[in-house]
Amino acid sequence: MNESPPAVQLDGLARRYGRDMVLSEVSLTIREGRIVVLQGPNGAGKTTLLKVLATRLRPSRGSARVFGFDTVREAHEVRSRTAMLPVFGGSYPTLTGAENLELATRLYGLRLTPSELEAALANVGLAGAAQKQVRGYSSGMKKRLGLARLRMAPAKLWLLDEPYAALDEEGKAYVDALLDEARSTGKTVLLASHEPERVAPLADAVLEVSGGTVRRSERFGVPATPVQAVPVRGG
Amino acid sequence: MNDFTPVLLIAGKDIRQELRSRAITVATLFFAAITLVILAFAVGSDEAILTQIAPGALWVALAFAGVISAAQSYAAEGEENAFEQLLLYPIPRASIYLGKLISNWVYMGFLALILLPTTAVLFDLPLGSHRGALLLTLALGTLGFALIATFYAALTANLRARDSLLPVLMFPVVVPILLAAVRATTSLMQFGNLEMASDWIQLLAGFDLAYLVVCTAIFRFVVDE
Amino acid sequence: MSSDRTTTHPLRPRPLWLNLLAAASLLLVGAGFYLGLVVSPPDVNQGELIRIMYAHVSAAWVCFLAVIIAAVYGMLYLWKGRPMDDVRGTAHAELATIFAGLTIIGGMTYSKPTLNTFWTWDAKLTLTALLFALLVGYFVVRGLIDDRDRRARVSAVVAIIVLASLPFNWMAAEWFRTLHPAKSFDVSASGVSDSADPIFRWILLFNVFAVAVTYVWFSIERIRIGRAQVGLEEQRETTPVTMREAIDV
Amino acid sequence: MKRWAYGVAAVAILAAAGFMVYNAMSSSLVYFILPSEYAANPHDYDGRRLRLGGLVQPGSIVFDNEDLRLTFHVTDSIESYFVRHQGTPPDMFQENTGVVIEGRFEDGVFVSDNLLVRHSEVYQAPEEGEPVDLEALKDSLY
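Written out as structure tokens, the structure is:
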């Protein structure tokens, strides 16, 4: 019986921006089903790390694998298993919320009925704004639309970049619910945040990113909840 | 989902956005029309010269507008960081190119359909009897232009000085299209000669097919970071 | 500064054969000059101007060769992702630009006494001007991208587009000439037709060979420097290597 | 498998492109009609621009240096038309050279605004009474 490959495997990963090394020599394995928080100051390399895993940025050196697929050579396989929530944006301002979500789901290869789309938007508290153009949305509403898009994606790995930013308390509760859902459906989550106090209790591990390196956080060392059994693929 | 669904989705999305915002139309339609008027005005009232330069004027106006339209279509993607998101969907990168190619082409075709009669009136040059061939020339010429413009606009989208860079990079590549398109239009409108135009139309088609393959094949390297 | 790493000199020691190649290039070009300026008789039609032709045609042919090679290295880079292929491609693109410039200067030098104008819309001259513009674009784009890998990728893409546009620009230049009234002359291998004294053709071919050898020499020198640059950059980046903990969660 | 299919399609499209371009290039891009072809159906070209190809008839060249007006007869040895061209004659312009002129007929006079000289070293105008080889003339003007 083969053990299924880890959700994330970074091997000596380094990424350069211009002349600066934003990430250097990161080696990290994350097993399937884990919820891991990346914390660290702005510019520490959290977003870069997420974007490498999302296939948006190529490693300058080393390699990144998602469920065993190389993010450069097998990018398509990686993309069909990951979904990313950006810090902000990702929607088209002249399209309505429903149209944006429909476009996203269809690009994920799904076909949702209008009522399913409505329900998905209602789920993040956008029921009333579904038919409004996104340019009229507040930044919090845009973020909620991003959450709806993320939830619809047929992904096993979620990459969340500052999911709580720009959200009110109600919005933050949606993120918490989303994380619960991830836990119960066995999704792997990598979450970047500079306010880890909120998620640390939910997470299996907190990693500290600073100056381009990643290490275990000393403040939040112990997993708060026991790790559930990981579903094994391919018998 | 087959590989062409995302192409149509992206093209449809672009067209719907344009119908809502009219951003590209506003930026190019009047600009192109003004270009025609200024050219007609500069030449003066000499009918012979007016009719002679008319096809050239039409394509120069279309070329200017095409550059702006392609650049604008990527600017719209960048507004809310939507392009970043678009690159993360499990779709071939080439389908993003083809989708934006179609929307740019449709837009340039629409512009051509407006500018053609405008040119005919301003430059005193009747459309002639080979309307079908004339439409084909416009279709192939604008396609060739959209192919290069869409490709290079993606390449320059996140570079400094992109607005002035795009035409500079594109121009030497599109010279053959401009030349063949002007010649085909001249043959049809001035000489009313289909036989004379058909060779140029074939050259346009050959150009389009060749660049369709080359640009589609290497587009993913342009957007990769 | 970490001293645990031995910093090797990035430039490899200069091999003997490279010096021999350099000497051979200089000798060949010198001989080409001698053949073109002294040995060659004046042409029946073009008179002494045939002597410009030897240099001009050689530069043009080598320029096209360099464009093709630059694009081939571009494709190799996209396929394999080896930094050295970018270095090689850029070296050839630089040489292509230089030879395109020389071709244009040669064409203008030829054009002034024959047509009393420095610029003429001759097919090959127009083509070379377009090519020159494309190559300048290549370097403008390179200059605007900071990230080394992305710069290499985009350069490779532009080099491929330049190559793809070459046949079309070639034809466009031909059409332009056939459509342009009068005042056109054929710069290409003109004057060195089959009917003429075979000595013209032999001298031309010798000059093309001499320039091609010089081009190979230049490209090797340029690639040596490029290799050293890549080596230096990599040294600088990997200097602070410390063994990092591999994290497993 | 899918990649393979796209590869085949790409090669096929490139081949089609090459064929089209080759096809267009092998026929001449300089299109024109001969004076005798015009004479056969002059009404087809009423009020239209056209390109006329032929030889410059010997002894017909008149160049007015002050008006910069060039007049000559263009002929294919069957029909001949009077041509008025605004501008200086190009360098290679002389009797019996091939020319392609662009313009339109006005009252039986061809008013040209574009004159291209075509070298026709091979083609010789026929002697009196010799048959006229129009195809050879056309070929020489391409």
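Protein chains in written order, with my numbering: chain S, 1 to 235; chain H, 1001 to 1225; chain B, 2001 to 2249; chain L, 3001 to 3142. Think of the CB as a built atom: it goes at the ideal place given N, C-alpha and C, for glycine as much as any other residue.
- Between Glu102 (chain S) and Leu121 (chain S), the C-beta spacing is not below 7 Å.
- With contacts defined as CB atoms closer than 7 Å, Phe2206 (chain B) and Leu2021 (chain B) fail to qualify as a contacting pair.
- Each of H:Val1213, H:Val1106, H:Ser1069, H:Ala1146 was checked against the Cα of Ala3015 (chain L), and the nearest Cα belongs to H:Val1213.
- Interface with chain H (7 Å Cβ-Cβ cutoff): Leu3050 (chain L) is included.
- Taking 8 Å as the cut-off between beta carbons, the residues of the segment 87-98 of chain S near chain H are Phe88, Gly89, Gly90, Ser91, Tyr92, Pro93, Thr94, Leu95, in sequence order.
- Distance check between Arg3051 (chain L) and each of L:Asp3133, L:Phe3110, L:Val3132 places L:Phe3110 closest, using alpha-carbon atoms only.
- At a Cβ-Cβ threshold of 7 Å, Lys143 (chain S) and Ala129 (chain S) do not count as neighbours.
- Residues of chain S whose Cβ lies closer than 8 Å to the Cβ of Asn1193 (chain H) do not exist, since the nearest Cβ in that chain is about 45 Å away.
- In the three-state scheme derived from DSSP, where H, G and I count as helix and E and B as strand, Phe3032 (chain L) is classed as coil.
- Note on geometry: alpha-carbon atoms of Cys1215 (chain H) and Leu3134 (chain L) lie some 45 Å from one another.
- Neighbours of Val1026 (chain H) in chain L, taken as residues at a C-beta separation under 8 Å, are lacking, since the least C-beta distance is about 36 Å.
- Look at Ala1082 (chain H): its C-beta is under 7 Å from a C-beta on chain S.
- Within the segment 2070-2108 of chain B, there are no complete alpha helix (DSSP H) runs of at least 4 residues.
- The bridge partners DSSP lists for Tyr3081 (chain L) are L:Val3074.
- A direct Cα-Cα distance of roughly 18 Å separates Ala1217 (chain H) from Leu2166 (chain B).
- If you check the CB distance, Trp1105 (chain H) and Ala1146 (chain H) come in under 7 Å.
- The Cβ of Leu57 (chain S) sits closer than 7 Å to at least one Cβ of chain H.
- Contacts with chain L (Cβ-Cβ distance below 8 Å) from the segment 1037-1052 of chain H involve Ala1048, Thr1051, Gln1052, listed in chain order.
- Look at Val2157 (chain B): its C-beta is under 7 Å from a C-beta on chain H.
- For the set H:Ile1148, H:Gly1144, H:Leu1143, H:Ala1157, the Cα lying nearest the Cα of Ile2145 (chain B) is the one of H:Ala1157.
- Distance from the Cα of Tyr2054 (chain B) is smallest, within the candidate group B:Ala2129, B:Tyr2215, B:Ile2203, B:Ser2219, for B:Ile2203.
- Taking the C-beta atoms as reference points, Val3062 (chain L) is found no nearer than 7 Å to Glu3095 (chain L).
- Within the segment 1156-1187 of chain H, no residue has its Cβ closer than 9 Å to any Cβ of chain S.
- Within chain H, the C-beta atoms nearer than 9 Å to that of Ile3013 (chain L) come from Leu1209, Ala1210, Leu1212, Val1213, in chain order.
- For Leu1009 (chain H), the closest Cβ of chain S is nearer than 7 Å.
- The beta-bridge partner set that DSSP reports for Met21 (chain S) consists of S:Arg16.
- Residue-level contact check: Gly1128 (chain H) does not touch chain L, since none of the beta carbons of chain L fall below 7 Å from its beta carbon.
- Under the three-state reduction of DSSP output, Val72 (chain S) falls in the coil class, being neither helix nor strand.
- Tyr1089 (chain H) has a beta carbon lying within less than 7 Å of a beta carbon in chain S.
- DSSP places Gly1056 (chain H) in the uninterrupted alpha helix (DSSP H) bounded by 1047-1078.
- With 16 or more other Cβ atoms from the protein chains shown falling within 10 Å of its own Cβ, Trp158 (chain S) counts as buried.
- Following the DSSP letters along the chain, one finds Asp168 (chain S) in no beta strand (DSSP E), marked with neither H nor E.
- When secondary structure is reduced to three states using DSSP, Ala122 (chain S) falls in the helix class.
- Proximity to Ile2098 (chain B) across B:Glu2245, B:Lys2112, B:Pro2015, B:Val2211 peaks at B:Val2211, based on C-alpha coordinates.
- In this structure, the CA atom of Trp2017 (chain B) is about 11 Å from the CA atom of Ile2220 (chain B).
- According to the DSSP assignment, Ile1010 (chain H) belongs to the alpha helix (DSSP H) that extends over 1004-1021.
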